[in-house]
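Participant:
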Amino acid sequence: MTKPKVLLTRKLAEPILAYLQEHLDCTMWDQEGSMPRAELEAKIHDYEGVMLSGGPINASFLEKAPRLRVVSSVSVGYNHFDIEAMRARRVIGTHTPYVLDDTVADLVLALMLSAGRRVAELDAFVKQGNWKKGGVKEEQLFGMDVHHATVGIIGMGRIGEAIAKRAVHGFDMKLLYHSRTAKPDIEARFGGRFCSLEELLKEADYVVLMTPLSPETAKLIRAEHFDLMKPTAFFINASRGQTVDEQALTQALQQGKIRGAGLDVFELEPVSPDNPLLKLPNVVTLPHIGSATDQTRYEMAKLAAHNLVGALTGGKVHVVPEL
Ligand code: DGY
Numbered sequence: 001m002t003k004p005k006v007l008l009t010r011k012l013a014e015p016i017l018a019y020l021q022e023h024l025d026c027t028m029w030d031q032e033g034s035m036p037r038a039e040l041e042a043k044i045h046d047y048e049g050v051m052l053s054g055g056p057i058n059a060s061f062l063e064k065a066p067r068l069r070v071v072s073s074v075s076v077g078y079n080h081f082d083i084e085a086m087r088a089r090r091v092i093g094t095h096t097p098y099v100l101d102d103t104v105a106d107l108v109l110a111l112m113l114s115a116g117r118r119v120a121e122l123d124a125f126v127k128q129g130n131w132k133k134g135g136v137k138e139e140q141l142f143g144m145d146v147h148h149a150t151v152g153i154i155g156m157g158r159i160g161e162a163i164a165k166r167a168v169h170g171f172d173m174k175l176l177y178h179s180r181t182a183k184p185d186i187e188a189r190f191g192g193r194f195c196s197l198e199e200l201l202k203e204a205d206y207v208v209l210m211t212p213l214s215p216e217t218a219k220l221i222r223a224e225h226f227d228l229m230k231p232t233a234f235f236i237n238a239s240r241g242q243t244v245d246e247q248a249l250t251q252a253l254q255q256g257k258i259r260g261a262g263l264d265v266f267e268l269e270p271v272s273p274d275n276p277l278l279k280l281p282n283v284v285t286l287p288h289i290g291s292a293t294d295q296t297r298y299e300m301a302k303l304a305a306h307n308l309v310g311a312l313t314g315g316k317v318h319v320v321p322e323l
């Protein structure tokens with residue numbers, strides 16, 4: 001029996017590739033990074049499946065892919081899928097939930113600690129030779145505690161839950177959360193409280209934005225929301241840059257409406273070197289590395305491979321919720 005033809009847009013570890021080759025006829029991008037978009041669009045015509053991690057997978061892409069049945073994304077977020085266009089073409093979209101929850105939650109705690117205790121800023125201070133006798137007053141290096149502070153998590157999914165566990169059990173933080181519905185199991189386990197977005201913004205010392213990007217959550221946090229936050233509070237975003245009005249965030253930071261921010265994501269990625277957020281010492285910036293560890297990226301690729309094989313051979317797959 002002929003195997004379905006699939007395109008793999010990144011180099012994969014040997015065991016994952018071997019598993020895919022057992023079931024599928026694979027063409028893998030063998031250079032560094034991922035296959036350029038132009039190359040993907042030129043090649044996709046003949047393939048029934050593709051493994052990738054970016055998009056957009058929209059009507060114009062699908063027109064170039066008449067045989068395509070499955071798009072397996074090596075990511076939990078799937079905002080690069082145009083759900084309507086994929087539905088219309090009956091193309092299955094899969095993603096990689098569960099395997100990255102702890103890794104992303106670790107990074108959120110790192111952003112909270114780094115912003116609150118000014119780790120990145122003061123690392124630069126030391127390395128630039130500014131730590132000297134008779135230099136700045138000690139108080140100028142003070143930060144804000146993370147332990148026993150209030151964390152407000154917007155978007156209480158699996159990653160939100162992993163953050164709550166670390167914050168409450170590890171740092172004795174008080175938990176507020178806002179999501180589509182209240183989660184009694186979370187409240188039972190972590191003593192947290194479900195509240196409105198406004199109440200969360202007013203009370204939290206660390207506001208953590210963890211909601212997936214969708215038409216409902218695009219620019220969810222805007223100028224009026226920063227106005228509600230405490231001047232001592234920090235804003236942490238490890239979801240998608242488009243869930244916040246980045247200009248409003250920049251202004252809130254420049255005008256001292258909030259004390260600082262920890263950002264793993266930006267409206268445009270890679271972020272432009274001219275982005276004013278990069279000029280602010282009270283903002284910790286990272287290049288979208290929430291899930292980027294050796295172990296987790298391996299597990300994500302393995303799950304994406306299982307999704308691709310499953311979708312093309314009738315097995316179990318993690319189809320994205322809306323498809
Ligand atoms: C995800 O899996 O969605 C992470 O943000 C990496 O893109």
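Residue numbers (the UniProt record's numbering): 1 to 323.
For each residue, glycine too, the CB sits at the ideal point set by N, CA and C.
Computed from a predicted model, the values in this text were never measured in an experiment.
1. Roughly how many whole angstroms lie between the Cα atoms of Cys195 and Leu68?
2. Is Val151 near the ligand DGY - that is, is its Cβ less than 6 Å away from at least one heavy atom of it?
3. May I ask you to report which of helix, strand or coil DSSP gives Asn307?
4. When the Cα atoms are used, what is the spatial distance from Asp145 to Ile258?
5. Who pairs with Leu209 in a beta bridge, going by DSSP?
6. Buried or exposed: where does Glu198 fall if 16 or more other Cβ atoms within 10 Å of its Cβ makes it buried?
7. Rounding to the nearest angstrom, what Cα-Cα distance links Ala115 and His288 in this structure?
8. Going by DSSP, what residue range makes up the beta strand (DSSP E) through Tyr177?
9. Touching or not, the region 151-158 and the region 168-178, by the rule of three or more beta carbon pairs under 8 Å?
10. Helix, strand or coil for Leu7 per DSSP?
11. How would you call Arg87, buried or exposed, if buried means at least 16 neighbouring beta carbons within 10 angstroms?
12. Assuming Tyr206 contacts Met112 (C-beta within less than 8 Å), just tell me the rounded distance between them.
13. Between which two residues does the beta strand (DSSP E) carrying Gly260 extend?
14. Taking Cβ positions, are Ile163 and Ala105 nearer each other than 7 Å?
15. Let me know if Asn130 comes out buried or exposed under the rule of 16 or more other beta-carbons within 10 Å of its beta-carbon.
16. Determine, using beta-carbon pairs with one atom in the region 208-220 and one in the region 75-85, whether at least three such pairs fall under 8 Å.
17. Near Ala65, which residues of its chain fall below 6 Å by C-beta distance, leaving aside the five closest residues on each side in sequence?
18. Please look up how many angstroms separate the CB atoms of Thr96 and Leu263, rounded, as I've assumed it's under 8 Å.
19. For the alpha helix (DSSP H) that Met86 lies in, which residues bound it at each end?
20. Would you kindly report the start and end of the unbroken alpha helix (DSSP H) that includes Gly116?
21. Based on the DSSP output, what are the partners of Met28 in its beta bridges?
22. Could you tell me if Tyr98 is buried or exposed, where buried requires 16 or more neighbouring beta carbons within 10 angstroms of its beta carbon?
23. To the nearest angstrom, report how far apart Thr247 and Ala42 are at their CA atoms.
24. Kindly indicate which residue of Glu161, Gln254 and Leu201 has the alpha-carbon position closest to the one of Pro184.
25. Can you list, in chain order, the residues of its chain whose CB lies under 6 Å from that of Val309, leaving out five sequence neighbours each side?
26. For Arg193, which beta-bridge partners are listed by DSSP?
Facilitator: Once the coordinates are examined:
1. 43 Å
2. no
3. It is helical.
4. 15 Å
5. Ile154 and Asn237
6. exposed
7. Rounded to whole angstroms, the separation of the alpha carbons of His288 and Ala115 is 16 Å.
8. Looking at the DSSP string, the run of the beta strand (DSSP E) that includes Tyr177 is Lys174 to His178.
9. yes
10. Secondary structure of Leu7 (DSSP, three-state): strand.
11. exposed
12. 5 Å
13. Gly260 to Leu263
14. yes
15. exposed
16. yes
17. Ile44
18. Contact flag wrong, Cβ pair sits at about 23 Å.
19. Ile83 to Ala88
20. Asp101 to Gly116
21. Leu8
22. exposed
23. What sits at residue 247 in the sequence shown is Gln, not Thr. Whole-angstrom Cα-Cα distance: 36 Å.
24. With distances taken between Cα atoms, Pro184 lies closest to Glu161.
25. His23
26. Partner(s): Leu176.
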